[in-house]
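Order-wise, the sequence lines are chains A and B.
Its first residue numbered 7, the first sequence is counted upward by one per residue in the working numbering.
Its first residue numbered 1453, the second sequence is counted upward by one per residue in the working numbering.
No residue lacks a Cβ here, since even glycine has one placed at the ideal position from N, Cα and C.
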Amino acid sequence: MIFATVPFPSFTLESLPQLPKLLVEWLLMLVGAPDWLVSIGGTAAMAGTVVGVFLSAFALLSLVERKTLARIQNRLGPNRAGWFGILQPVADGIKMLTKEDIVPTKAEWLLHLAAPILIVVPSILALGVMPLGREWVPVNMELGLLFFFSVGALTELSVFMAGWASGSKFPMLGAMRAISQMVSYELPLIISALGVIMVTGSLRLSDIVVHQGDFYFGFIPKWNLFTPWGFAAGLIFYIASIAEANRCPFDLPEGESEIVAGHMTEYSGFKYALFFMGEYLGLFAIAGLGVTLFLGGWQAPLPFLGWVPTWIWFFAKLAVIIMSYLWIRGTFPRVRIDQLMRFAWLCLIPMALLTIPAAALWVFTGKGIVSWVVTVPLLLIPWVILTILFNKRLAPATRTYTFADS
Amino acid sequence: MISDSSMPYSAPTLEPGEDDDQLLRVSLGPQHPSTHGVFRMNVVLDGETVVSLKSVFGYLHRNHEKLAENMTYLSSMPYTDRLDYICPLTNNWALAHAVEKLAGIEVPERAEFIRVITAELTRLINHTAFMGFILGDMGAWGSALMYAFREREKILDLFEDLTGARMMSNFMRYGGCRNDLPAGWADRCSIVVNDYGPFLDELEKFLVGNEILLARTQDVGQLPQKTLINGGITGPMLRAAGVNYDIRKVEPYGIYDRFDFRIPLGAKGDCYDRIMIRFLEMRESLKILRQALDQLPAGDYIHPKAKIRNFKPPVGEAYARIEGPKGELGFHLISDGTVNPFRYRIRPPSFINLTLLEDMCLGLDLADVVIILGSVDIVLGEVDR
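Shown next, in the form of structure tokens:
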């Protein structure tokens, strides 16, 4: 008879990701748990869903990355474990878990242990504030964006901890590189997000997504990317996010051809797997933020596609961004540290700063034709000047070669 | 280190055992992803800047020269395959050339043609693999390498048909080659040669059109011509700096004086020039190959009177050199009239090209060291012997 008192809540495809939460709450209410326990249980189930989804996505991505890179490189990639190598992540996981955990004698063992844990936790925390669907916002925080950036900055700490605590020289060099790179690229990353905050008037990530909801002329989505300032800021965000996620061509902290594996050199077994995991979760977080800020988050790209559950759109956009990272990784060599820093401070940061007045003018002039006329030159002219200056002073030249006479 | 007043950078060095708050001593290798084998560099870094770099070789030392002095001239032929294992056929030729000079053996015309064809194919595979390796050193791990190796594999298939082995060929003999070209080999070789030009165009477009590659390699690791000549540098590395020195032209051996080809010269001698010179050399090699395949005569592949067993060259001494893909490859033989050489000495191009590594790297970044080492194009089998 107690079953009759607590009916199971209805859910749709849209709120499918809520199912674990609803299930746990229903079960707790069924056994007559107090309200605070029901609330805690529901939140835990919600968090568990997010962690579970992104950890499976991590497993999938580790396979997809290897397969994609293999195809780019004219190879087959992993194809032994399971159908088309689908069980490769499982095999990798078993291998990682059964490997010996080596701690160098000169290592600070506590920091050495804490670093891989500390790289996973902030990435999961950052994913927690992400609006993954219309009804799927794990933590709808008012200062979500601020929380994201402050938590995301913690990963730099753990990378440096790993480098310092290993008591070895390649990790030390990797940590030095990581600190200078991540601090430099955090600036354009955050500055390019400021325009979005100004236009939306909120730091809440779900507000930012809702704000990008409409369509121009009924078919061009009103995403921030399709405005002049948003396009510039989105591009800067994209480049800076590659550096922030330590991806090629900005993978200097790992720089395998120079410093072996950077901060991860002295890690083995599951600690190494945690670094690997933290890196991919960070990749999801930063790419997901890019999707939220500039690509309309969970909004459908065309008006007649509104019936598709919104979380599918979020993950589809995430997949597109991440596949572009893989493409870049398969095709580009790595830049040198001085070129990397010069690019950040001479190109990205000035252009990112310009997107702020552009976004202000965009709002001030009413987001219409006038706004386009005002903001496009404001961004385009400095960009052209910067490009000319950069090419004149620093661009590599093409050369011609002679042949000996005899 | 060869002293030169134009050295770009000088800073305090760190003595062994001494420690410093500013300087970091790093041992790159012998276990390192991009030292091209078991090569070690003791680097002292100031931040990321290289303050001092000491090369340590010998991890792959196999006592090749002393072994060869205790076997017959022919027995050391397979060992030369293992010197520079990327291009065994030029090593074979260099030894055969030295023995022929020592004993005054004639080589039939067809054998000379086969030697030129295999040597130029070897130059192609060496330079192609170089493109892949240097991109790997730059961080494009695998992409360029796999495409380079795909083309290399086509030539290795030809070698397998001809010599029975992809890499360890053991093909040259005194007075010619071990066997004749198999039926239809020349036609298959023509197909590969004709397909190679488009592949090079594509590879060059992708590599040279990449701004990161240009930024990473231009003005990195150049040295003045004088230093290079004093250091005994040969091969593409010397020609990239604009010195016209190619043994195929300077001291033509075999039948190279019959072919029409040019020697490309660079201007600056940095890593970018070294890459581009190798591209241009590959195109010249293709020209030689086309001519050689067109003119390939019939006849003996080995001199009919060449003595293989119980071969005793007269007492004497000979130094013969060829233009290997990596530079001047010379063999110095002293004979005392017995079946074994009294002295057997190799002049390996990679080893001598590597001696100026420190001069090229000082004052540059750690990331540049890896590219410079890649641009020297070493094979440790030849460096350590």
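(message) Per DSSP, what are the beta-bridge partners of B:H1784 in this structure?
(response) Translated into positions along the second sequence, residue 1784 of chain B becomes position 332. Beta-bridge pairing links B:H1784 to B:Y1771 and B:R1797.
(request) With a cut-off of 8 Å on the beta carbons, I'd call A:A199 and A:A181 a contact; round off their distance for me. (result) The count along the first sequence starts at 1 and reaches residue 199 of chain A at position 193. The count along the first sequence starts at 1 and reaches residue 181 of chain A at position 175. Between A:A181 and A:A199 the Cβ distance is about 26 Å, and since that is not below 8 Å, they are no contact.
(request) Please classify B:D1653: is it buried, with 16 or more other beta-carbons within 10 angstroms of its beta-carbon, or exposed? (result) Within the second sequence, residue 1653 of chain B is the residue found at index 201, counting from 1. Classification of B:D1653: exposed, given that the 10 Å Cβ count is below 16.
(message) Please return the same chain residues whose Cβ sits closer than 8 Å to the Cβ of A:M7, not counting the five positions on each side in sequence.
(response) Here the question's residue 7 of chain A lines up with position 1 in the first sequence. Caution applies to A:M7, whose pLDDT of 45 falls short of 50 and renders its modelled position unreliable; the model cannot decide the point.
(message) Do A:P26 and A:A51 count as a contact pair if the criterion is CB distance below 8 Å?
(response) Translated into positions along the first sequence, residue 51 of chain A becomes position 45. Translated into positions along the first sequence, residue 26 of chain A becomes position 20. Contact flag set, yes.
(request) Tell me whether the beta-carbon of A:L258 lies closer than 8 Å to the beta-carbon of A:R183. (result) Position 252 of the first sequence, counted from the first residue, corresponds to residue 258 of chain A. Position 177 of the first sequence, counted from the first residue, corresponds to residue 183 of chain A. Yes; because the gap between Cβ atoms is below 8 Å, this pair is in contact.
(message) My output table needs one value for A:F155: the three-state DSSP class, helix, strand or coil.
(response) As a working mapping, residue 155 of chain A is identified with position 149 in the first sequence. DSSP places A:F155 in helix when its eight states are reduced to three.
(request) State the beta-bridge partners of B:C1629 as determined by DSSP. (result) Taking the second sequence and counting its residues from 1, one reaches residue 1629 of chain B at position 177. B:C1629 pairs with B:M1624.
(request) Indicate the three-state DSSP secondary structure (helix, strand or coil) for B:G1636 in the structure shown. (result) Start at 1 with the first residue of the second sequence, and residue 1636 of chain B comes out as number 184. In this structure, B:G1636 counts as coil in the three-state DSSP scheme.
(request) State the start and end residues of the unbroken beta strand (DSSP E) segment that holds B:M1493. (result) Position 41 of the second sequence, counting from 1, holds the residue named residue 1493 of chain B. First-last of the beta strand (DSSP E) with B:M1493: R1492 to D1498.
(request) Sort B:G1489, B:P1482 and B:E1561 by Cα distance to B:Y1705 and report the nearest one. (result) Taking the first residue of the second sequence as position 1, residue 1705 of chain B is located at position 253. Minimum Cα distance to B:Y1705 is reached at B:E1561.
(message) Using a 10 Å radius around the Cβ and a threshold of 16 neighbouring Cβ atoms, would you call B:S1462 buried or exposed?
(response) Counting from one through the second sequence, the residue named residue 1462 of chain B turns up at place 10. Reliability of the predicted coordinates at B:S1462 is poor, the pLDDT of 47 falling under 50, and the value obtained from them is presented with this limitation in mind. So B:S1462 ends up on the exposed side.
(request) Would you mind working out which of B:D1725, B:L1497 and B:E1612 sits nearest B:P1540, comparing C-alpha positions? (result) If you number the second sequence from 1, residue 1540 of chain B lands on position 88. If we check each option's Cα against that of B:P1540, B:E1612 comes out closest.
(request) Flag B:Q1670 as yes if its beta-carbon sits less than 8 Å from any beta-carbon of chain A, otherwise no. (result) Counted from its first residue, the second sequence places residue 1670 of chain B at position 218. So, interface residue.
(request) Confirm, please, whether the CB-CB distance from B:L1512 to A:P402 is below 8 Å. (result) For the purposes of this step, residue 402 of chain A is identified with residue 396 of the first sequence, where counting begins at 1. For the purposes of this step, residue 1512 of chain B is identified with residue 60 of the second sequence, where counting begins at 1. No, the pair does not count as a contact, with Cβ atoms beyond the cut-off.
(request) Could you give the DSSP three-state label for A:P309: helix, strand or coil? (result) Numbered from 1 along the first sequence, position 303 holds the residue referred to as residue 309 of chain A. In this structure, A:P309 counts as helix in the three-state DSSP scheme.
(message) Tell me the residue span of the beta strand (DSSP E) that contains B:S1479.
(response) In the second sequence, counting from the first residue as 1, residue 1479 of chain B sits at position 27. Here the beta strand (DSSP E) through B:S1479 covers L1475 to L1480.
(request) For A:R210, count neighbouring C-beta atoms within 10 Å of its own C-beta (all shown protein chains included) and say buried if the count is 16 or more, exposed if not. (result) As a first step, residue 210 of chain A must be located in the first sequence, where it is residue number 204. Buried: at least 16 other Cβ atoms inside 10 Å.
(request) Kindly list, in the order they appear in chain A, the residues whose Cβ is closer than 8 Å to that of B:M1590. (result) Sequence index remark: in the second sequence, residue 1590 of chain B carries index 138 (1-based). Using a Cβ-Cβ cut-off of 8 Å, B:M1590 is close to S263, P339 and R340 of chain A, given in chain order.
(request) Would you list the one or two residues that DSSP bridges to A:W142? (result) Position 136 of the first sequence, counted from the start, is the residue given in the question as residue 142 of chain A. According to DSSP, A:W142 bridges with A:G139.
(message) Pop quiz: B:G1649 and B:R1691 are said to be a contact at Cβ under 8 Å. What is the actual Cβ separation, rounded to whole angstroms?
(response) The residue you call residue 1649 of chain B lines up with position 197 of the second sequence. The residue you call residue 1691 of chain B lines up with position 239 of the second sequence. Contact doesn't hold; Cβ gap of about 21 Å is too wide.
(message) Can you list, in chain order, the residues of its chain with a C-beta nearer than 8 Å to that of A:V341? Leave out the 5 residues immediately preceding and following it.
(response) Counting from one through the first sequence, the residue named residue 341 of chain A turns up at place 335. Closer than 8 Å at the Cβ level, and outside the excluded window around A:V341, lie P255, F256, L258 and F349.
(request) Kindly identify the DSSP beta-bridge partner or partners of A:I226. (result) Against the first sequence, residue 226 of chain A aligns to sequence position 220. Partner(s): A:Y222.
(request) For A:A410, decide whether its Cβ has a neighbour in chain B, counting only Cβ atoms nearer than 8 Å. (result) Walking along the first sequence from the start, residue 410 of chain A turns up at place 404. By this cut-off, A:A410 is an interface position.
(message) Mapping the DSSP letters down to three states, classify A:G5 as helix, strand or coil.
(response) Coverage of chain A is limited to positions 7 through 412, which leaves residue 5 of chain A absent and any answer about it impossible.
(request) Anything in the segment 320 to 353 of chain A with a Cβ closer than 8 Å to a Cβ of chain B? List those residues in chain order, please. (result) G336, T337, F338, P339, R340, V341, R342, I343, D344 and Q345
(request) Give the secondary structure of B:K1757 by DSSP, where H, G and I count as helix, E and B as strand, and everything else as coil. (result) Counted from its first residue, the second sequence places residue 1757 of chain B at position 305. Coil at B:K1757, not helix or strand.
(message) So if DSSP puts A:F409 in a beta bridge, which residue, or which two residues, is it bridged to?
(response) By one-based count along the first sequence, residue 409 of chain A stands at place 403. Its beta-bridge partners are B:P1716.
(request) Could you list the residues in the segment 159 to 178 of chain A with a C-beta less than 9 Å from some C-beta on chain B, going in chain order? (result) K175, F176 and M178
(request) Measuring only between beta-carbons, confirm whether B:L1655 sits less than 8 Å from chain A. (result) One-based indexing of the second sequence puts residue 1655 of chain B at position 203. Cβ-Cβ to chain A under 8 Å: no for B:L1655.
(message) Just to confirm, is the Cβ distance from B:F1851 to B:P1485 under 8 Å?
(response) There is simply no residue 1851 of chain B to check, as chain B begins at 1453 and stops at 1837 in what is shown.
(message) Does B:V1568 come out as helix, strand or coil in the three-state DSSP assignment?
(response) Along the second sequence, one-based indexing puts residue 1568 of chain B at 116. Of the three classes helix, strand and coil, the one that applies to B:V1568 here is helix, per DSSP.
(request) Counting only the same chain and skipping the five closest in sequence on each side, list residues whose C-beta sits under 6 Å from that of B:V1695. (result) Here residue 1695 of chain B corresponds to residue number 243 of the second sequence, with the count starting at 1. Around B:V1695: Q1677.
(request) May I ask you to report which of helix, strand or coil DSSP gives B:L1505? (result) Residue 1505 of chain B sits at position 53 when you count from the first residue of the second sequence. Strand.
(message) Suppose the cutoff is 7 Å on Cβ atoms and the five residues either side in sequence are ignored; what does the same chain contact list for B:T1542 look like?
(response) Against the second sequence, residue 1542 of chain B aligns to sequence position 90. The answer, listed in chain order, is A1571, T1574, I1774, G1776, P1777 and L1781.
(request) Under 8 Å between beta-carbons, which chain A residues line up against B:P1704? List them in chain order, please. (result) Counted from its first residue, the second sequence places residue 1704 of chain B at position 252. Ordered by position in chain A, no residue passes the 8 Å Cβ test against B:P1704, which lies about 11 Å from the chain.
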